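Okay, so the sequence shown: first residue is 9 according to this note's numbering, each after it adds one. Note that beta-carbon positions come from the ideal geometry of N, C-alpha and C, so glycine has one too. The structure presented is a predicted model; accordingly, all values stated were derived computationally and were not measured.
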Amino acid sequence: MSLSEAPTATSNVLVPVLRRADPFSRGLTDDQEKQLLEFAGRIGLSASKSHVRSMGHRAIAIEGRCVGRLAGDLVDLVLRGLCVRAAFERLQRPIEILEIGTLFGVNAIILHDLARSLAGSAKLTLIDPLEGYYGRGNRDVVTGLPISVENVRFNLRSNFVCDGDVELIARSSIDPATAELVGSKQFDFAFIDGDHSYAGIAADWKFYTPRVASGGFIVIDNYRDGVYPDVDRFVDEQIASTGCARFIANFARTAVFQRTA
Ligand SMILES: C[S@@+](CC[C@H](N)C(=O)[O-])C[C@H]1O[C@@H](n2cnc3c(N)ncnc32)[C@H](O)[C@@H]1O
Numbered sequence: 009m010s011l012s013e014a015p016t017a018t019s020n021v022l023v024p025v026l027r028r029a030d031p032f033s034r035g036l037t038d039d040q041e042k043q044l045l046e047f048a049g050r051i052g053l054s055a056s057k058s059h060v061r062s063m064g065h066r067a068i069a070i071e072g073r074c075v076g077r078l079a080g081d082l083v084d085l086v087l088r089g090l091c092v093r094a095a096f097e098r099l100q101r102p103i104e105i106l107e108i109g110t111l112f113g114v115n116a117i118i119l120h121d122l123a124r125s126l127a128g129s130a131k132l133t134l135i136d137p138l139e140g141y142y143g144r145g146n147r148d149v150v151t152g153l154p155i156s157v158e159n160v161r162f163n164l165r166s167n168f169v170c171d172g173d174v175e176l177i178a179r180s181s182i183d184p185a186t187a188e189l190v191g192s193k194q195f196d197f198a199f200i201d202g203d204h205s206y207a208g209i210a211a212d213w214k215f216y217t218p219r220v221a222s223g224g225f226i227v228i229d230n231y232r233d234g235v236y237p238d239v240d241r242f243v244d245e246q247i248a249s250t251g252c253a254r255f256i257a258n259f260a261r262t263a264v265f266q267r268t269a
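This is the structure in structure tokens:
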């Protein structure tokens, strides 16, 4: 638009829109808010609409301080936040969070921020080879930025996560060296978002679910999102089984289980 075309008080004002780079949403619909509150009730958490909204706003602010992106919709992130809150309300102590598949660390940092705000501190164990997005080079397909230890560390520092709160294991979740580093840790919340093949998710479930403490949450991403049929098949099998975790609920792209005794 040249200067001579500048809008006047009487003309239509053009509002430029910067479209999202990925297909994900950073909003919550009325229906999603309702479903989130129903979910909170199901996990024994008392939460209000304003809790849910403030978690969403805080998450977006944190993502804004990070390089890279949160790879998912806000609704799934808030649902994970509700699980973290429920874990804290039950345990009343700093909680241990595990994430398999970290990418830029944005999800982990948001959950850490929430857990730290509730308990004063929180611990993160992050596992990701940080070698690229499913073999498509070491650059993120959406942002074009390197998926690297340096970028995860930058995001952790930019969001005041102290070094002592984080164990970053830059390896595959099934690497024997990872198992050794994880050792005898017990987690209160585990987010499985790494290898989405059937063998990959099955291996993560088998190794990490027993490392979630009784009553802790196991959250699986990309369930019934139309992209990862192997995730659907594996989760459906666990829903039908009577293993060491019981199915709680699914909505949006998330399936939630709770570790049984
Ligand atoms: C969808 S992204 C994770 C997004 C992140 N959880 C978030 O919410 O922003 C998937 C990540 O899983 C990692 N990954 C793939 N296979 C893995 C494995 N076996 N162990 C750990 N991470 C793995 C990839 O390197 C990639 O960074």
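(request) Quick one: using the 10 Å Cβ neighbour count with 16 as the cut-off for buried, is Q266 buried or exposed? (result) buried
(request) Tell me whether R261 is buried or exposed, calling it buried when 16 or more other Cβ atoms sit within 10 Å of its Cβ. (result) buried
(message) Buried or exposed, going by whether 16 or more other CB atoms sit within 10 Å of the CB of C170?
(response) Exposed, by the Cβ-count rule.
(request) May I have the straight-line CA-CA distance separating H204 from G191, to the nearest angstrom? (result) 24 Å
(message) Considering only the alpha carbon of each residue, which of V220, T151, Y216, F225 lies closest to P184?
(response) Y216
(request) Count the other C-beta atoms from every protein chain shown that fall within 10 angstroms of the C-beta of M9, then say buried if there are 16 or more, exposed otherwise. (result) Per-residue confidence for M9 stands at a pLDDT of 43, beneath the threshold of 50, marking its modelled position as unreliable; no derived number is given.
(request) Determine the burial state of A69: buried for a count of at least 16 other Cβ atoms within 10 Å of its Cβ, exposed for fewer. (result) Exposed, since its Cβ has fewer than 16 Cβ neighbours within 10 Å.
(message) Could you check if N258 belongs to the surroundings of ligand 1, using beta carbon to heavy atom distance under 8 Å?
(response) no
(request) Sort R124, S156, I182, W213 by Cα distance to E139 and report the nearest one. (result) S156
(request) Alpha carbon to alpha carbon, how far is Q246 from R27? Give it in angstroms, no decimals. (result) 38 Å
(request) Output the residue ranges of the alpha helix (DSSP H) runs that lie fully inside the segment 150–211 and measure 4 residues or longer, sorted by chain position. (result) 157–166, 184–190
(message) I'd like the span of the alpha helix (DSSP H) that includes A263, first residue to last.
(response) Not the alpha helix (DSSP H): A263 falls in the beta strand (DSSP E), residues 262–267.
(request) Say yes only if the C-beta of I182 is nearer than 8 Å to one or more non-hydrogen atoms of ligand 1, and no if none qualify. (result) yes
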